[in-house]
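Position in the sequence shown counted from 1, then plus 110, gives you our numbering. See structure below.
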Amino acid sequence: MAAMAPGGSGSGGGVNPFLSDSDEDDDEVAATEERRAVLRLGAGSGLDPGSAGSLSPQDPVALGSSARPGLPGEASAAAVALGGTGETPARLSIDAIAAQLLRDQYLLTALELHTELLESGRELPRLRDYFSNPGNFERQSGTPPGMGAPGVPGAAGVGGAGGREPSTTSGGGQLNRAGSISTLDSLDFARYSDDGNRETDEKVAVLEFELRKAKETIQALRANLTKAAEHEVPLQERKNYKSSPEIQEPIKPLEKRALNFLVNEFLLKNNYKLTSITFSDENDDQDFELWDDVGLNIPKPPDLLQLYRDFGNHQVTGKDLVDVASGVEEDELEALTPIISNLPPTLETPQPAENSMLVQKLEDKISLLNSEKWSLMEQIRRLKSEMDFLKNEHFAIPAVCDSVQPSLDQLPHKDSEDSGQHPDVNSSDKEKNTDIHLSISDETDSTIPKQNSPNSFPRREREGMPPSSPSSKNTVHFDKPNRKLSPAFHQALLSFCRMSADSRLGYEVSRIADSEKSVMLMLGRCLPHIVPNVLLAKREELIPLILCTACLHPEPKERDQLLHILFNLIKRPDDEQRQMILTGCVAFARHVGPTRVEAELLPQCWEQINHKYPERRLLVAESCGALAPYLPKEIRSSLVLSMLQQMLMEDKADLVREAVIKSLGIIMGYIDDPDKYHQGFELLLSALGDPSERVVSATHQVFLPAYAAWTTELGNLQSHLILTLLNKIEKLLREGEHGLDEHKLHMYLSALQSLIPSLFALVLQNAPFSSKAKLHGEVPQIEVTRFPRPMSPLQDVSTIIGSREQLAVLLQLYDYQLEQEGTTGWESLLWVVNQLLPQLIEIVGKINVTSTACVHEFSRFFWRLCRTFGKIFTNTKVKPQFQEILRLSEENIDSSAGNGVLTKATVPIYATGVLTCYIQEEDRKLLVGFLEDVMTLLSLSHAPLDSLKASFVELGANPAYHELLLTVLWYGVVHTSALVRCTAARMFELLVKGVNETLVAQRVVPALITLSSDPEISVRIATIPAFGTIMETVIQRELLERVKMQLASFLEDPQYQDQHSLHTEIIKTFGRVGPNAEPRFRDEFVIPHLHKLALVNNLQIVDSKRLDIATHLFEAYSALSCCFISEDLMVNHFLPGLRCLRTDMEHLSPEHELNVNCCKLSE
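Pasting the structure below:
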């Protein structure tokens, strides 16, 4: 028969008994299985007959462990297995037969045997394990059948320690199979027969088997995880555990998660929803929707109410607990193993359930004793090391200790880790004759009873604690009482003082730090316990303490923990709290230097880069900028820049991205790697295109100026940055002929506008006179209005130059150079004049003049450019280039040749962006003259008035130019040409909305009344829209009456009865202003006159005119139908007017008839 390993029957311990040549570490597996075999043998599991094969019964490998006398059943099992002399061998067991079949590779026979056993209800674990393991059927190369591993003869592969059979997968006698790895328990025999190929069914069976195995693996992993987590009691919690019955054992993590789940469930069931939400937020690492998240491999317990009601059904027996000190010798611990082996015969054949329970108890006992053994050995090692330390430090003990020594020597040695902190300073006989002194802390500690709580605080904290005694130079002497009481009596008497040093806190209180290092160690130990117990609103008060400890603590792990506490101090820190933390981080960085900042602070930032709370990510973004000056330059341009780039691209919170942009600006002020220039430019474009206004504003205030300063140092401001933005604008205009992307245009143009101060600073610094700019004598003052107000200090030219005094000197030399000496040799200024300005003017000519937003953006850009470069530059360099393009001269007034540029956006941008930069009298006169010339030229040329309208709209938005615009219009009112007067009348419509009512009454209405009596009917008609706008915007009754009288004269004067264009203009005006006009004016004037016009239109004999009037009437009635109309007005005027309109539509435009009927129905 095949050789069988002990314990190879049903309970194989989870190790495949057929794999001898596996990739596992055989020594480790053998050692593990040997310990398990001890327990199985001791529990009476016995040895499987016929499992030794041809091996010697004394061979420890074959028997599974070292030879042990007196082990029940061992000799008989070996004899049976070997078939040796002596008694006649007993009848072979089925398990032995199965083992032999598997060993000799009679797999089909073994499979039939397994099937027979299954059908008879006697499943054999050995066969079940073999045929359920797909690894036994995988095709491999190996040794021939019947041979073990190389160098091992025959069946030497039988690992008794592991209870394994010779491998069937490593031999050459493989089971030659197809690609399927189906095993016995994954097959449905009813679906298989000898005729036909069932590949699909076989694949399904394989998948079902793999799914089942995956589920079993998951369950096993969950069980292992649960077991590991159950034993994972935090050290800081264990240290507070006392053996007093009124103090509970520290809660385990899984117990805490289970209770959290039950508490949250209770809150939800009882409608404490807000409390449940708060509770969930405070336990954000747990999913309260799923019990499996708790991690327990057990069914969900009943709810809290059921547990409470069931509590009374259990009796808790109190136990008298006595704390005693115990010591276990190493040889005693090792002697436990044979004791377990020699258990009485009554335990040889227990029931299966009792057997497993006993094995489990014995395993737990061995594990406990082993842990205690290692704890005691560690205790001894630490005691020896601290004794050596005390000897080396020459600590002095007071003489009062002499009387206490005998009693101390009689005390039992503590087996807890606490003993490591309180070494017996009297254990050395060599120090008897030394003059020793006892410090106050040592005397106190020596008189405190210490019989409680083993493992009162963790090893990590013990190692960080300093020796308890201060140095001899600070020793304190105490008077000895002149009494004859025994030291034992003294000690017993002092034990009634109720002092406690057996807990973590008690130990910290009883030890007074004697040096800066010991203070730091004490703070490092205590702060993790203090922070969770401080109110959230006041935790920032701990920041100085945490930072000082983190700076000075000698242990890197403790420093890392403290900085982790700092960044997690407040769950969602507000702005003020973040400022405090950042201030502390900067102070820490200044103190420790760049190396520790990189190694200790940056990892804390990296950990929270994807934190779920935006306030924490905001803290990370702000920290990157605040720490930038204190980091190594390589880290600034690599890791930190990459972190900020990731947050800019991925973070969804506007506040976080805004902070990222500001930190990027700071990084750009410190970066010195030219290779990062293009990466910075890409980040700049991404920031400018951000959908959040906050982010874009931060880009203009911080990032762009900082990047421009770096670009200036690299010499790329003019050659790359500005030119690239200009080229992008030109590309937009070329591609936007049918639809301009105004958002991108604004993005690029606003960036150019923010670069103007940097460009001007570059011009000053590279000027021929820059070397002469020395601060000496009285420095001239800079006018307050010399420069436009900057968006941020970084866009202030004086900040870029260095100081306001230095800028004042440069400006004085700049004006003198432009006025007297010119720009010869001034390369940076010549680039502006000869390259930048012509390209900008060319771009302006391509803009759609009707786009108010584009006109406004370019106007603001030129205004800032001219104000920054100064009046002399504007008058001598900017204006001449525009005038050359516009070519306004007397000889061109009456001709249309060469005036196409006047219809483009160049006119309003020159008028509003260049001519309005300075407001002296000569500047105002120049602006008035330009507008008058444009109005005249456009009118006489019959050109579109869009450019003039754009100029009036842009200037009319500023009340300071209202008088100036009225002056221009009055010039048109009194002009000799009717075309110019007609243009002036139409311009009043644009101006009325922004002008105050006083100017309307004094300047606008008189001019319009003058034009309404003009000899030319076209001029009179042109005033109607302006009168309508006054009806819409003015509330003074006198003005409204004057407008009403003038409009009534147009409608009722017989000379206008046949003026089709006048009636059309009035109807259009009524439809536009009617809904917004004063209700009384609308009811008494507008609606009745529309009714009259509809009646007159029914009598019109010219169909084209009749249709034109009807169409405008329909639009007017549609607009007025949304207003409130009284019943009388509806019956008398509105509905009759609609009937007249329907009559016109029936004859002229049937497709509009339905709309008219709908309009009537809505009324």
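Cβ coordinates follow ideal geometry from the N, Cα and C atoms, glycine included. Because the structure is a prediction, the values reported are computed rather than measured.
What is the DSSP secondary structure of residue i, reduced to helix, strand or coil?
i, result
"residue 593", "coil"
"residue 1168", "coil"
"residue 215", "coil"
"residue 418", "helix"
"residue 1015", "coil"
"residue 897", "coil"
"residue 1199", "helix"
"residue 936", "coil"
"residue 665", "coil"
"residue 1257", "helix"
"residue 1116", "helix"
"residue 1133", "coil"
"residue 1246", "helix"
"residue 1179", "helix"
"residue 177", "Below a pLDDT of 50, predicted positions are generally treated as unreliable, and residue 177, at 37, falls in that range; the measurement from the model is reported next regardless. The answer is coil: DSSP assigns residue 177 none of H, G, I, E or B."
"residue 906", "coil"
"residue 482", "helix"
"residue 1193", "helix"
"residue 815", "helix"
"residue 694", "helix"
"residue 403", "helix"
For residue i, which option in the options has the closest C-alpha, if you only look at C-alpha atoms?
i, options, result
"residue 714", "846, 1113 and 674", "674"
"residue 725", "761, 981, 893 and 1045", "761"
"residue 1167", "776, 1202, 1144 and 1153", "1202"
"residue 776", "765, 813 and 800", "813"
"residue 756", "744, 738, 734 and 739", "734"
"residue 660", "629, 481 and 1029", "629"
"residue 232", "214, 210, 240 and 205", "205"
"residue 646", "680, 638 and 663", "680"
"residue 1083", "1054, 1125 and 1103", "1125"
"residue 836", "825, 820 and 856", "856"
"residue 1022", "1063, 1047 and 1050", "1063"
"residue 1198", "1032, 1216, 1227 and 390", "1227"
"residue 914", "1090, 893 and 929", "893"
"residue 669", "314, 1019, 989 and 637", "637"
"residue 884", "891, 917 and 854", "917"
"residue 955", "971, 973 and 995", "995"
"residue 723", "737, 766 and 693", "766"
"residue 411", "375, 201 and 383", "375"
If I measure Cβ to Cβ from residue i and keep anything under 6 Å in the same chain, skipping five residues before and after, which residues do I get?
i, result
"residue 943", "987"
"residue 1204", "1223, 1247, 1250 and 1251"
"residue 938", "872, 873 and 876"
Closer than 7 Å by C-beta to residue i: which residues in its own chain qualify, once you throw out the five before and the five after it? Chain order, please.
i, result
"residue 742", "704 and 708"
"residue 354", "Note on residue 354: pLDDT 44, under 50, position unreliable in the model; the coordinate value appears next. Answer for residue 354: no residue qualifies."
"residue 977", "897, 898 and 1027"
"residue 769", "728, 731 and 732"
"residue 292", "Per-residue confidence for residue 292 stands at a pLDDT of 43, beneath the threshold of 50, marking its modelled position as unreliable; the derived number appears in the next sentence. Excluding sequence neighbours, residue 292 sits near 312, 315, 316 and 319."
"residue 800", "767 and 806"
>> Counting beta carbon pairs with one atom in the stretch 938-950 and one in the stretch 899-908, are three or more of them shorter than 8 Å?
In response: no
> Contact between the stretch 1132-1139 and the stretch 1101-1119: three or more CB pairs below 8 Å?
Replying inline: yes
>> If contact is defined by three or more beta carbon pairs under 8 Å, each pair taking one atom from either stretch, is the stretch 957-966 in contact with the stretch 1013-1021?
In response: Short answer: they touch.
> Do three or more CB pairs link the stretch 914-927 to the stretch 872-882 at distances below 8 Å?
Replying inline: yes
> Is it true that the stretch 1027-1047 meets the stretch 967-986, where meeting means three or more beta-carbon pairs spaced less than 8 Å apart?
Replying inline: yes
> Any chance the stretch 815-823 sits against the stretch 928-935, with 3 or more Cβ pairs inside 8 Å?
Replying inline: Result no; under three Cβ-Cβ pairs closer than 8 Å.
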